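Let me begin by presenting the structure, written as structure tokens, before commenting on it.
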Amino acid sequence: MADFVFLHGGGQGGWVWDQTVAAIALQAGALPSGGKPAPHCLALDAPGCGAKRGRDTAGIGFADITAEFIADIEAAGLRDVVLVGHSQAGCTIPAMAKLRPDLFRALVYVSCIAPEPGLTVIDMVSKRMQDPAATSPSAVANTDLSPRERSRAMFCNDMRAPQAEAFLDLLGADGWPGSCYAQAEWSYDNLTAHRSHYVLCLQDAVLTLPWQERFAERLHAAHLHRIDAGHQAMNTRPQALAEMLLGLA
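If you read the sequence shown in the numbering used here, its first letter stands for residue 17, the second for the next number, and so on.
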């Protein structure tokens, strides 16, 4: 059975995968394994996020981040990996696959963004993804809301109040290096050599379904999976996501 490596999105850390990792362990234990051990799960942290909070990230380039993720995977002794990314991780997974294609059995994008070449992530969101005909701003662009309420609208639209409050309490301490938001050179051609899957989150208030479908095409994800969840499917529908992932491994 393959092992899983998880990569979080912007403003979050490896902690965001805790529920999904727990669901994989539970479901793997209930499946006939034929004597094989349950998959190993590694949740990566970008510099400045999760277990790597507090680092000075000012001098860390985009290529440095990619290399660090590969080094973290190698240090864990993993070689046959299903790489699972969420949201902004869609910007980094292609670079990781290009640097070490031999490490990865499959690539899985959970509601991931894939910016157009020449645009930064911020440009992609602000210049491409906003509907000029809309009568009200999207959750991402609504600056009339406080930061917490904006995050609630973006991430918690399918959460009950207690879960939403607990999730929002965890936000605010994680930040990817600034080089991630200056990067505008994106390459996706190498992804045709990989078995790629895209998880469409049907209630997503950050990346609408039409945009997810466009990004899946850009990422050469031939296999589409649908989960009735908001942007944080790994937190609100971890059992469904775990079942889908175990089917790949």
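In this text, a Cβ means the ideal position worked out from N, Cα and C, and glycines have one as well.
Source: prediction; values computed, not measured.
Boundaries of the beta strand (DSSP E) in which residue i is found, first to last residue
i: Gln23; result: A small correction: the amino acid at residue 23 is Leu; Gln does not occupy that position in the sequence shown. Start and end: 19-23.
i: Cys57; result: 57-59
Beta-carbon contacts of residue i that lie in its chain and below 6 Å, excluding the five residues immediately before and after
i: Lys68; result: Asp61
i: Asn251; result: Gln35
i: Gly77; result: Ser195
i: Leu58; result: Val21, Ala92
i: Leu161; result: none
Residues near residue i by beta carbon distance below 8 Å, same chain, minus five either side
i: Lys143; result: Leu135
i: Leu115; result: Thr82, Ala83, Ile86
i: Ala169; result: Ala155, Asn158, Leu161, Ala221
Residues bridged to residue i (per DSSP)
i: Ser212; result: Leu123
i: Cys217; result: Ile243
Limits of the unbroken alpha helix (DSSP H) element including residue i
i: Val37; result: 34-46
i: Leu99; result: Per DSSP, Leu99 belongs to no alpha helix (DSSP H); it is in the beta strand (DSSP E), 97-102.
i: Arg253; result: That residue, Arg253, is in no alpha helix (DSSP H); it is neither H nor E in DSSP.
i: Leu186; result: 177-186
i: Leu223; result: Careful: Leu223 lies outside any alpha helix (DSSP H) and carries neither H nor E.
i: Lys114; result: 109-115
Whether residue i touches residue j by CB criterion (8 Å)
i: Ala54; j: Gly45; result: yes
i: Val137; j: Arg121; result: no
i: Pro110; j: Tyr204; result: yes
i: Ala113; j: Leu23; result: no
i: Gln219; j: Asn173; result: yes
Own chain partners of residue i with C-beta closer than 7 Å, once the 5 adjacent residues on each side are dropped
i: Thr151; result: Legend: pLDDT at Thr151 = 47, less than 50; position of this residue unreliable, no value from coordinates given.
i: Ala237; result: Tyr125, Ser212, His213, Tyr214
i: Gly26; result: Ser103, Gln104, Trp192
Residue i to residue j span [Cα, whole Å]
i: Tyr214; j: Asp72; result: 33 Å
i: Asn158; j: Arg95; result: 43 Å
i: Glu201; j: Asp19; result: 30 Å
i: Gly246; j: Ala39; result: 18 Å
i: Ala189; j: Phe183; result: 12 Å
i: Arg242; j: Ala41; result: 22 Å
Heavy atom of the ligand FMN within 7 Å of residue i beta-carbon
i: Leu225; result: Within the structure as shown, the ligand FMN is missing, as the structure has no ligands at all.
Interface flag, residue i vs chain B, CB-CB below 8 Å
i: Val100; result: This model lacks chain B altogether; it includes just one protein chain.
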